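In the working numbering, the protein residues as written are 493 to 630.
In structure tokens, the structure reads:
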């Protein structure tokens, strides 16, 4: 199969949608723990003010939802990439690839987000569906 045939296939659309769902769910589930009041104590230990708790939690939660539905996909993936760079270099200090404090999962998520930025939302997305809306309804 040529690349153009693969890109037009349903399998490509489903696989791309699956990647977006997986990444989105990971960030949504990860953000839920950040709404817990104990996370403010962690922020203080990191040298950040506890008032940053809600913005940090929302910085993972909202883009996670947007990735799943396929709206503002590239912007959402870009914001989450920044979050992952912060996790790798600020929180974990990029000291170990594996083991305690390892960044292997963080790097995998960052790479996946970069792929989503390059590829875009795909055809199974709100963005694609809105392109199909007749002009007079927009």
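Note that CB positions come from ideal geometry on N, CA and C, so glycine has one too.
None of the values given here were measured: they were computed from a predicted structure.
{"Check": "Three-state class that DSSP yields for residue 594 in the structure shown", "Outcome": "strand"}
{"Check": "Residue 595 beta carbon less than 8 angstroms from that of residue 586", "Outcome": "yes"}
{"Check": "Supposed contact pair residue 553 and residue 520 - C-beta distance, whole angstroms, cut 8 angstroms", "Outcome": "6 angstroms"}
{"Check": "Pair within 8 angstroms by beta-carbon distance, residue 515 and residue 608", "Outcome": "yes"}
{"Check": "Residue closest to residue 577, alpha-carbon to alpha-carbon, out of 501, 598 and 504", "Outcome": "598"}
{"Check": "Neighbourhood of residue 548 by C-beta, 7 angstroms cutoff - its chain only, sequence neighbours within 5 removed", "Outcome": "526"}
{"Check": "Between the CA atoms of residue 568 and residue 623 - distance to the nearest angstrom", "Outcome": "19 angstroms"}
{"Check": "With 16 other Cβ atoms within 10 Å as the buried cut-off, status of residue 523", "Outcome": "buried"}
{"Check": "Cβ-based burial, residue 501 [other Cβ within 10 Å; buried from 16]", "Outcome": "exposed"}
{"Check": "Cβ neighbours of residue 618 in the same chain (closer than 7 angstroms, five flanking residues each side left out)", "Outcome": "561, 562 and 563"}
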